[in-house]
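Structure, as structure tokens:
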Amino acid sequence: MCGIFGIYSNKLSVVESTYFGLFALQHRGQESAGISISNGEQVHTIKKVGLISQVFTKEDLAKLPVGDMAIGHVRYSTSGSCVAEKAYPFAFMFKGTYMSLANNGSLLNIKELSDWCINKGVRFNGISDTEIIATMLSLSEKDTIEEAIAEVAKQLKGAYSFVVLAPDKIVGLRDPFGINPMAFGEVLGGYAIASEDCALGVVGAQYIREVMPGEMVIITRTSVKSSFVFEPQSRLAVCAFEFLYLARPDSSISGKNLYEARVRMGRNLYREHPVDADAVISVPDSGTPAAIGFSKESGISFAEGLIKNRYIGRTFIQPDQLLREVGVRLKLNPIVSAIKNKRIVLVDDSIVRGTTSKKIVKLLRSVGAKEIHIRISSPEVKWPCFYGIDTESQDELIAANYSVDEIGRMLEVDSIGYLSLKGLVNAIHLPANHLCLACFNGDYPVGVPEHIKKSKMGTGKSS
Numbered sequence: 002m003c004g005i006f007g008i009y010s011n012k013l014s015v016v017e018s019t020y021f022g023l024f025a026l027q028h029r030g031q032e033s034a035g036i037s038i039s040n041g042e043q044v045h046t047i048k049k050v051g052l053i054s055q056v057f058t059k060e061d062l063a064k065l066p067v068g069d070m071a072i073g074h075v076r077y078s079t080s081g082s083c084v085a086e087k088a089y090p091f092a093f094m095f096k097g098t099y100m101s102l103a104n105n106g107s108l109l110n111i112k113e114l115s116d117w118c119i120n121k122g123v124r125f126n127g128i129s130d131t132e133i134i135a136t137m138l139s140l141s142e143k144d145t146i147e148e149a150i151a152e153v154a155k156q157l158k159g160a161y162s163f164v165v166l167a168p169d170k171i172v173g174l175r176d177p178f179g180i181n182p183m184a185f186g187e188v189l190g191g192y193a194i195a196s197e198d199c200a201l202g203v204v205g206a207q208y209i210r211e212v213m214p215g216e217m218v219i220i221t222r223t224s225v226k227s228s229f230v231f232e233p234q235s236r237l238a239v240c241a242f243e244f245l246y247l248a249r250p251d252s253s254i255s256g257k258n259l260y261e262a263r264v265r266m267g268r269n270l271y272r273e274h275p276v277d278a279d280a281v282i283s284v285p286d287s288g289t290p291a292a293i294g295f296s297k298e299s300g301i302s303f304a305e306g307l308i309k310n311r312y313i314g315r316t317f318i319q320p321d322q323l324l325r326e327v328g329v330r331l332k333l334n335p336i337v338s339a340i341k342n343k344r345i346v347l348v349d350d351s352i353v354r355g356t357t358s359k360k361i362v363k364l365l366r367s368v369g370a371k372e373i374h375i376r377i378s379s380p381e382v383k384w385p386c387f388y389g390i391d392t393e394s395q396d397e398l399i400a401a402n403y404s405v406d407e408i409g410r411m412l413e414v415d416s417i418g419y420l421s422l423k424g425l426v427n428a429i430h431l432p433a434n435h436l437c438l439a440c441f442n443g444d445y446p447v448g449v450p451e452h453i454k455k456s457k458m459g460t461g462k463s464s
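In this note's numbering, the protein residues as written are 2 to 464.
Here is the structure:
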């Protein structure tokens, strides 16, 4: 996951703009955050563990030098612990000049790349994808950073979109399959680049377009240029989970507004799994657009049945035993009048392990729901992700080990229905061969090495 942001402006405070841009991308990572700024001569970085509001105080930001270029990063780790050393952007040296790198993705050939670096005399304290890319850039003998990026990118296998801050430029690159999103726009006095276009709007940037798969964008103080590091691919692999859950609903990817796509998922869900009920409710917030679509297509009224505590996210303070027993009520609380003695359709974007869904069903039963019909606006998640989403191993994926009917009985619901793969693709409005659907069908567009695949593949029915 992770979120990246970069900006050049001779009119705006780039530190404040990056700060607010990262706020808009906070949903992409809540573990750590960092900002690097260039004053034209040097690159300085500040980064810490925690949310944006926890990481950066006014005094912290004031310590950064005045500059006109900056990049930022919010982290969601797929491996390794959440410690200060794993906060990014990552500083590195290229041709005797300090630079900084922020990356969103997951490399599949990290062992081969790290071995190559070690053979060059590099010693790692802890290896991460970002550190590997930065180290390879520092070892490049190319004359310019953009040439080095093009050289290194051709050795990377997996998902990535990253930005590099040099004293005189910002360089952004998206992987050739376009697995992770990246967009750029024009801001007062310059340009901005971000994981999602919602972050561009926050800083007043006018969206220009997506960074295309395999494209490099170079922002300098005098121009914006782009070139393609890779030839256009006939097979793209934009992550379907971006459309379902990961990205904010006010963002667009591949020209498709995510809110509208999620509403269409809900409409298709009703067409495939109709049901008589008194109210449609969602698991907020990610299930809400699909629930609205289900309501519109079915004519069943949408009701706000569960209230989400938006101040409960990932926390570094572990709850005591009493709070563990409270469980799902920490995050969700029911509106009894919307649920009691009613036949409820509960819409969510996905079911992974099933533990949270079971708790929500139990919660709805406890306040008097007459019937509960679960509808999921995605197909069954049967396969683990290797491209940057920290999914469970296959043995822990409920749909990899049980049939839909068995899942319904385990969750103790009156009925259950998943959106079909065809219904999902139809709702996204992109060809199936332009999407990564691996978590649903096991078709991995970028080959996964066997030793990595075995780490998450289990003995479930889908294996």
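For every residue, glycine included, the Cβ atom is placed at its ideal position computed from N, Cα and C.
Treat the numbers as computed from the prediction; the structure is a model and nothing was measured.
Query: Use the C-beta contact count for I119: other C-beta atoms within 10 angstroms, 16 or more gives buried, fewer gives exposed.; Result: exposed
Query: If you drop the 5 nearest sequence neighbours on each side, which residues of the same chain put their C-beta closer than 6 Å to that of G7?; Result: I72, V164, I171, I194
Query: For a quick check, are the C-beta atoms of A292 and V281 less than 9 Å apart?; Result: yes
Query: With respect to the beta strand (DSSP E) encompassing T98, which residues constitute its N-terminal and C-terminal limits?; Result: 98 to 108
Query: Between which two residues does the beta strand (DSSP E) containing N334 stretch?; Result: 333 to 335
Query: Is it true that the CB of E216 sits closer than 9 Å to the CB of L174?; Result: yes
Query: Here's a check: name, in chain order, each residue in its chain whose Cβ is nearer than 7 Å to the Cβ of T316, leaving out the five neighbours to either side.; Result: Residue confidence for T316 is low, a pLDDT of 43 falling below 50, so the modelled location carries little weight; the figure read from the coordinates is stated next. Nothing meets the Cβ criterion.
Query: Quick one, which of P66, E147, D61 has its alpha-carbon nearest K96's?; Result: E147
Query: Looking only at DSSP bridge pairs, what is Q207 linked to?; Result: E187
Query: Hey, quick one: how far does the beta strand (DSSP E) through S416 stretch, first residue to last?; Result: 416 to 419
Query: What do you reckon, are the CB atoms on F21 and V188 nearer than 9 Å?; Result: no
Query: Quick check on the burial criterion: 16 or more other C-beta atoms within 10 angstroms. Buried or exposed for T19?; Result: buried
Query: Would you report the Cα separation of L436 and S107, rounded to the nearest angstrom?; Result: 17 Å
Query: Buried or exposed: where does H452 fall if 16 or more other Cβ atoms within 10 Å of its Cβ makes it buried?; Result: exposed
Query: Quick check for students: name the residue ranges of the beta strand (DSSP E) that lie wholly in the segment 111 to 190, counting only runs of 3 or more.; Result: 159 to 167, 170 to 175, 184 to 188
Query: Taking 8 Å as the limit between beta carbons, can you name the residues of its chain near N310, skipping five residues before and five after?; Result: L331, K332, L333, N334
Query: Which residues does DSSP pair with H74 in a beta bridge?; Result: I5, G35
Query: If you follow the beta strand (DSSP E) that F229 is part of, which residue opens it and which one closes it?; Result: 225 to 229
Query: Helix, strand or coil for A248? Go by DSSP, reduced to three states.; Result: coil
Query: Do you know offhand how far S302's Cα is from K343's?; Result: 12 Å
Query: Just to confirm, is the Cβ distance from Y388 to V447 under 9 Å?; Result: yes
Query: Exposed or buried, which one is G30 when buried takes at least 16 other CB atoms within 10 Å?; Result: buried
Query: Classify F125 as buried or exposed, calling it buried when 16 or more other Cβ atoms lie within 10 Å of its own Cβ.; Result: exposed
Query: Relative to the C-alpha of V329, which residue among V284, K341, A160 is closest?; Result: V284
Query: Going by beta carbon distance, what residues of the same chain come within less than 6 Å of L438, once the five residues before and after it are set aside?; Result: A241
Query: Return the residue from the list R265, I254, S235 that minimises the CA-CA distance to S196.; Result: I254
Query: List the DSSP bridge partners of C240.; Result: C437
Query: Would the beta-carbon of Q395 fall within 9 Å of that of K457?; Result: yes
Query: Going by DSSP, what residue range makes up the beta strand (DSSP E) through M94?; Result: 91 to 95
Query: Who are N258's beta bridge partners in DSSP?; Result: S253
Query: Hey, V44 and S101: beta-carbon distance below 9 Å or not?; Result: yes
Query: Identify, in the order they occur along the chain, each residue of the same chain with its Cβ nearer than 8 Å to the Cβ of T392, setting aside the five sequence neighbours on each side.; Result: V353, V382, P385, C386, L398, C440, K457
Query: L425: which of L270, N402, S358 sits nearest, CA to CA?; Result: L270
Query: Rounded to whole angstroms, what's the CA-CA distance from A154 to G294? Just pull it up for me.; Result: 41 Å
Query: Could you check how far apart the C-beta atoms of Q27 and L52 are, in whole angstroms? I think they sit under 8 Å.; Result: 7 Å
Query: Would you identify the three-state DSSP class for D61, choosing helix, strand or coil?; Result: helix
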